[in-house]
Amino acid sequence: METSELLKKVRQIEIKTRGLSRNIFAGQYHSAFKGRGMAFSEVREYQFGDDIRDIDWNVTARYVRPYVKVFEEERELTVVLMIDVSGSKDFGTVSQMKKDVVTEIAATLAFSAIQNNDKIGVIFFSDKVEKFIPPQKGKRHILYIIRELIDFQPDDKKTNISQALRYLTNAIKKRCTAFLISDFIDNNNYQDALTIANRKHDVVAIQVYDRRETELPPVGLIKIKDAETGVEQWVDSSSGRVRNGYKKWWDNRQEEMNNTFTKCRVDTVSVRTEDDYVKSLLALFGKRN
3 METSELLKKV RQIEIKTRGL SRNIFAGQYH SAFKGRGMAF SEVREYQFGD
53 DIRDIDWNVT ARYVRPYVKV FEEERELTVV LMIDVSGSKD FGTVSQMKKD
103 VVTEIAATLA FSAIQNNDKI GVIFFSDKVE KFIPPQKGKR HILYIIRELI
153 DFQPDDKKTN ISQALRYLTN AIKKRCTAFL ISDFIDNNNY QDALTIANRK
203 HDVVAIQVYD RRETELPPVG LIKIKDAETG VEQWVDSSSG RVRNGYKKWW
253 DNRQEEMNNT FTKCRVDTVS VRTEDDYVKS LLALFGKRN
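Taking the working numbering, I'd label the letters of the sequence shown as residues 3 to 291.
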């Protein structure tokens, strides 16, 4: 993409997603994603029911009556966007490609994080980690992330979610909130890696998919190409048996994916390319409050 076109696109994404994060998500994001721990705030006199482990013995000795330490939740988070950049993102049949929706969702989350004074980083992955942007704060950092979201070109087209999750577990030392944004079209089993990652961090899964991935239209003989492997094949979509078989494959895949998230205790939401992702994100935030 040419520089002028890229900058124009960055500006468009910034205007739309910054407004969404400021006007819609400010309160919901703040309450849905908690700080990573408790920080000392002040001392006050002991009250009935206080935990005796919180007694500040130095202050108690000074005033000859018991005082306890008061703690506040640390609001600052580290947020990591895990962005699937495999070949299947270059697909869309209604109004937008999957990668365009992924970009807008990621940018909206990034602006929400910055408004909450959180650090934000990005892991771009295919069947390997393509690029890691370490967590930082600030508008310049956000705009750099948006440029990469729009224009990043991966080396590989396949998908391996486990690789990305293992990288997250090892690279980010302190607990973070990680948004795993993908269509989850991955033939590898990622349950173990997701379980381990979600024990250390707070992983949230956002699936982006297209309506045409869920069922075949009855339009006769069509050529289908796997964007990740390049394999092409002709399919007779006028056959009810073929269409039913395809839909069954999709439904089984979705069930397996959702079962994995349930077993790993990972909050999740699915977003269709033609739908309003704002409602989906608000529903996700609502689950966590």
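Every residue gets a Cβ at the ideal spot worked out from N, C-alpha and C, and that includes glycine. The structure displayed is predicted, hence computed values, not measured ones.
When you compare only the Cα positions, how much space is there between residue i and residue j?
i	j	result
Met99	Asp212	8 Å
Gly242	Thr179	44 Å
Ile203	Val221	For clarity, residue 203 is His in the given sequence; the question names Ile instead. Their backbone Cα atoms lie some 46 Å apart in a straight line.
Leu286	Thr80	19 Å
Val205	Thr270	9 Å
Val87	Val104	10 Å
Asn172	Val210	26 Å
Arg177	Leu170	10 Å
Tyr248	Ile187	14 Å
Met259	Glu215	15 Å
Gly296	Ala34	Outside the modelled stretch of the chain, which goes from 3 to 291, sits residue 296, for which no answer is possible.
Ile174	Asp120	15 Å
Kindly indicate which three-state DSSP category residue i falls into: helix, strand or coil?
i	result
Tyr69	strand
Asp102	helix
Arg149	helix
Gly1	This structure leaves residue 1 out entirely; the chain is present only between 3 and 291.
Arg46	strand
Gly140	coil
Lys250	helix
Glu7	helix
Lys160	coil
Nearest CA to the CA of residue i: which residue from the options?
i	options	result
Lys133	Leu83, Tyr69, Gln14 and Gln117	Leu83
Tyr112	Ser23, Lys289, Leu218 and Asp278	Looking at the sequence itself, residue 112 is Ala, so the reference to Tyr does not match. Checked all of Ser23, Lys289, Leu218 and Asp278; the closest Cα to Ala112 is Ser23.
Thr110	Ile226, Phe35 and Ile148	Ile148
Ile125	Ile144, Ile85 and Asp188	Ile85
Leu223	Asp238, Gly232, Gln193 and Asp253	Asp238
Asp194	Gln165, Lys139 and Gly51	Gln165
Glu106	Glu150, Leu167 and Ile135	Glu150
Leu196	Arg168, Arg20 and Phe35	Arg168
Gly123	Leu145, Pro219, Lys250 and Ile163	Leu145
Asn200	Lys265, Val244, Arg255 and Arg245	Lys265
Does the count of Cβ pairs from the segment 47-67 and the segment 148-155 closer than 8 Å reach three?
-> no
Counting only runs of 3+ residues fully inside the segment 177-221, write out the beta strand (DSSP E) ranges in chain order.
-> 179-184 and 204-211
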